[in-house]
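Everything in the sequence shown is counted per the numbering used here, starting at 689 for the first residue and increasing by one.
Positions of the beta carbon are idealized from the N, C-alpha and C atoms, including for glycine.
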Amino acid sequence: MEENKGFSLVELIIVIAIMAILVGVMAPLLIKYIEKTNVSADTQLCDTIHNAIMTSASDPNVVADDISQEMLYGSGGLLDAGNPTGTRLDCFGSGSQWVTCAFGENFTEIAGVDVLTIGSNHSQYLKSRTARDSGIICVVPNQEGTDCAVYIAWSNRDGDGAGVNYNGTYYGLENSKVIFVK
Numbered sequence: 689m690e691e692n693k694g695f696s697l698v699e700l701i702i703v704i705a706i707m708a709i710l711v712g713v714m715a716p717l718l719i720k721y722i723e724k725t726n727v728s729a730d731t732q733l734c735d736t737i738h739n740a741i742m743t744s745a746s747d748p749n750v751v752a753d754d755i756s757q758e759m760l761y762g763s764g765g766l767l768d769a770g771n772p773t774g775t776r777l778d779c780f781g782s783g784s785q786w787v788t789c790a791f792g793e794n795f796t797e798i799a800g801v802d803v804l805t806i807g808s809n810h811s812q813y814l815k816s817r818t819a820r821d822s823g824i825i826c827v828v829p830n831q832e833g834t835d836c837a838v839y840i841a842w843s844n845r846d847g848d849g850a851g852v853n854y855n856g857t858y859y860g861l862e863n864s865k866v867i868f869v870k
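Next up, the structure:
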């Protein structure tokens, strides 16, 4: 009887070749799946910011604060119906006054992110490739000024890596390719 001393070199090469083929087939699918997960995380961030804006805007302390009301509903305000193309959150308001008013403090507490500070780096909160590279979190009010949409300029909700800029109205977001939530 022969003693079995292990695998032959040919058998090992065949196993390694099969594994290489499997990795070659699965890697692109895995990368695409990971990017779609990152787009989902960015969509969740937009939803969190939207909920924080709407919750903060209805807070009694914010309603009683004149600075917050001016920044929310005044000319060019975050929920100003006369501002149809919206606003970048990192460029909104008048510096520290925006961040320290009742709305800013309430928003930051609820959202858990500091996207209101002028010059804040939104990419640290974004996960998808195109959004992380150049995405900016923006808010666009509806025509009635009763709601808003949060979107990420230069993002892509398809996860194919082609960033799309958007500078349109609340109702145009449905047809855009950017990551957004209403």
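Practice item. Assign residue 829 to buried or exposed, taking buried as 16 or more other Cβ atoms, counted over all protein chains shown, within 10 Å of its Cβ. Key: Buried, since its Cβ has 16 or more Cβ neighbours within 10 Å.
**Study point:** Spatial neighbours of residue 846 in its chain, beta-carbon cut-off 7 angstroms, leaving aside the 5 residues before and after
**Key:** Taking residue 846 as the centre and dropping the five residues before and after it, the same chain places the C-beta of 865 closer than 7 angstroms to its C-beta, in chain order.
Review point. Below 8 angstroms between beta carbons: does that hold for residue 851 and residue 821?
Key: Taking a C-beta distance under 8 angstroms as the contact criterion, residue 851 and residue 821 qualify as a contact pair.
Exercise for review: Let me know if residue 779 comes out buried or exposed under the rule of 16 or more other beta-carbons within 10 Å of its beta-carbon.
Suggested key: Classification of residue 779: exposed, given that the 10 Å Cβ count is below 16.
Review point. Should residue 741 and residue 826 be called a contact, given that it needs their Cβ atoms to be closer than 8 angstroms?
Key: No, the pair does not count as a contact, with Cβ atoms beyond the cut-off.
Practice item. Verify the CB distance criterion: does residue 828 have a CB-CB separation below 8 angstroms to chain B? Key: In the structure shown, chain B does not exist; there is a single protein chain.
Practice item. Mind listing, in chain order, the continuous beta strand (DSSP E) runs of no fewer than 3 residues lying wholly within the region 707-750? Key: Listed in chain order, there is nothing to give.
Review point. Is the distance from the Cβ of residue 761 to the Cβ of residue 754 below 8 angstroms?
Key: It is not a contact, given that the beta carbons lie outside the stated cut-off.
Check your understanding: Starting from residue 819 and walking both ways along the beta strand (DSSP E), at which residues does that stretch end?
Key -> Following the DSSP letters along the chain, one finds residue 819 in no beta strand (DSSP E) but inside the alpha helix (DSSP H) bounded by residues 817-822.
**Study point:** Simplified DSSP assignment, three categories, for residue 868
**Key:** Looking at residue 868 - three-state DSSP - the assignment turns out to be strand.
**Study point:** Reference residue 819, options 759, 789 and 733, closest by Cα
**Key:** For the set 759, 789 and 733, the Cα lying nearest the Cα of residue 819 is the one of 733.
Check your understanding: Can you tell me the Cα-Cα spacing of residue 704 and residue 693, whole angstroms?
Key -> Whole-angstrom Cα-Cα distance: 19 angstroms.
Exercise for review: Could you name the residues that DSSP lists as bridge partners for residue 843?
Suggested key: DSSP lists 852 as partners of residue 843.
Review point. Which residue from 849, 848 and 839 puts its Cα closest to that of residue 860?
Key: When only C-alpha atoms are compared, the closest one is 839.
Check your understanding: Cβ of residue 817 within 8 angstroms of Cβ of residue 849?
Key -> The answer is yes: Cβ separation under 8 angstroms.
**Study point:** residue 801 versus residue 725: straight-line alpha-carbon distance, rounded
**Key:** Going by the C-alpha atoms only, they are around 20 angstroms apart.
Check your understanding: Which whole-angstrom value is the C-beta distance of residue 730 and residue 815, which I expect to be below 8 angstroms?
Key -> With a beta-carbon spacing of about 6 angstroms, residue 730 and residue 815 fall inside the 8 angstroms limit used to define contacts.
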